[in-house]
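**Student:** Structure provided below as structure tokens; questions to follow.
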Ligand SMILES: [Fe+2]
Ligand SMILES: [Fe+2]
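Residue numbers (my numbering): 127 to 367.
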């Protein structure tokens, strides 16, 4: 039930579609000397994600469990993973570590400083502190520098059962989701703050070639352009209306 696609060399998208929510929940596995899983997925999805990781590597060898912010689809299965993988350490912002993760995790998290780099073997992850982008004050993102892949959590959130990777307009799809959410309990899903635009501009300057998106298709193409379009769209939908 969980689909696996290689979206960059040795970087895999694990995708589980939940029909009731019309939403994909994606995790990203960097298969490496020190394997890194970005997002655990919901606790209830653990059996499916665990099985999918097992198709790619021995799950007990997982070394890093990265995520953007403290929320169930980002790190809800952290405990399950840490029981199974004795060296698996949470990887998150200092704020997430100090405020939430060290209180619930089996062992202390590695809290990353803005700009800090973690080399896992062939992959090189740079941490960007991005408060309230996509949301939550503890938010941060990882940029895989060797292949130019931005692990961008809830940014570019798209609904539906979608193709693993696309070169088409993910911003248009993300716009539709935000408009639909305005009608229900998920209104206020993303904030728009005075820092939003410059945070997205900073991410764009990394010139990502692939966007690893938590909900919906990954994007291949001009990531800087996509992030500029996203900034304009968020301003339009969240701030000016
Ligand atoms: Fe989130
Ligand atoms: Fe999410």
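Backbone N, C-alpha and C fix where the C-beta goes; we use that ideal spot for every residue, glycine too.
(1) Is it true that the CB of residue 293 sits closer than 9 Å to the CB of residue 345?
(2) With DSSP as the reference, identify every bridge partner of residue 275, one or two as the case may be.
(3) In chain order, what are the residues with a CB under 5 Å from some non-hydrogen atom of ligand 1?
(4) Could you please give me the residues that DSSP links to residue 255 through a beta bridge?
(5) In the DSSP assignment, what are the bridge partners of residue 299?
(6) Curious, which full-length beta strand (DSSP E) runs of at least 3 residues does the segment 178-219 contain?
(7) Heavy atom of ligand 2 less than 8 Å from the Cβ of residue 340, yes or no?
(8) Considering residue 67, what are the terminal residues of the beta strand (DSSP E) in which it resides?
(9) Give me the Cβ distance between residue 298 and residue 336, rounded to the nearest whole Å; I'm assuming they're in contact under 8 Å.
(10) Which same chain residues, not among the five before or five after residue 232, have their C-beta less than 6 Å away from its C-beta?
(11) From the DSSP output, in three-state form, read off residue 174 for me.
(12) Kindly list the residues whose CB is nearer than 6 Å to the CB of residue 206, restricted to its own chain and excluding five residues on each side of it in sequence; keep chain order.
(13) Identify, in the order they occur along the chain, each residue of the same chain with its Cβ nearer than 8 Å to the Cβ of residue 290, setting aside the five sequence neighbours on each side.
(14) With a CB to CB cut of under 6 Å and the five nearest residues on each side skipped, what residues in its chain are close to residue 240?
(15) Starting from residue 352 and walking both ways along the beta strand (DSSP E), at which residues does that stretch end?
(16) Nearest to residue 182 by CA position, among 166, 167, 137, is which residue?
(17) If distances are taken between C-alpha atoms only, which option among 332, 353, 281, 321 comes closest to residue 315?
(18) Just verifying my parser: in three-state terms, what is the DSSP assignment at residue 141?
(19) Can you look up residue 328 in the DSSP assignment and give me helix, strand or coil?
**Tutor:** In terms of the structure at hand:
(1) The criterion of a C-beta distance shorter than 9 Å is satisfied by residue 345 and residue 293.
(2) According to DSSP, residue 275 bridges with 270, 336.
(3) Per the Cβ criterion, the list is 197, 280.
(4) 266.
(5) Paired residues: none, contrary to the question.
(6) You should have 190-192, 215-219.
(7) In this structure, the C-beta of residue 340 approaches ligand 2 to less than 8 Å from one of its heavy atoms.
(8) Examination of residue 67 is not possible in this model, given that the chain is present from 127 through 367 alone.
(9) About 19 Å separates the two Cβ atoms, so there is no contact after all.
(10) Closer than 6 Å at Cβ, skipping near neighbours: 208.
(11) Looking at residue 174 - three-state DSSP - the assignment turns out to be helix.
(12) Only residues of its own chain outside the window of five on either side were considered, and among them 172 have a CB closer than 6 Å to the CB of residue 206, listed in chain order.
(13) Counting only Cβ-Cβ distances below 8 Å, and skipping sequence neighbours, we find 129, 131, 133, 139, 141, 343, 344.
(14) Here the set comprises 255.
(15) DSSP places residue 352 outside any beta strand (DSSP E); the residue lies instead in the alpha helix (DSSP H), whose first and last residues are 349-360.
(16) The option with the nearest alpha carbon to residue 182 is 137.
(17) When each option's Cα is compared against that of residue 315, the closest is 281.
(18) In the structure shown, residue 141 sits in a strand (DSSP, three-state: E or B).
(19) In the displayed model, residue 328 falls within a helix according to three-state DSSP.
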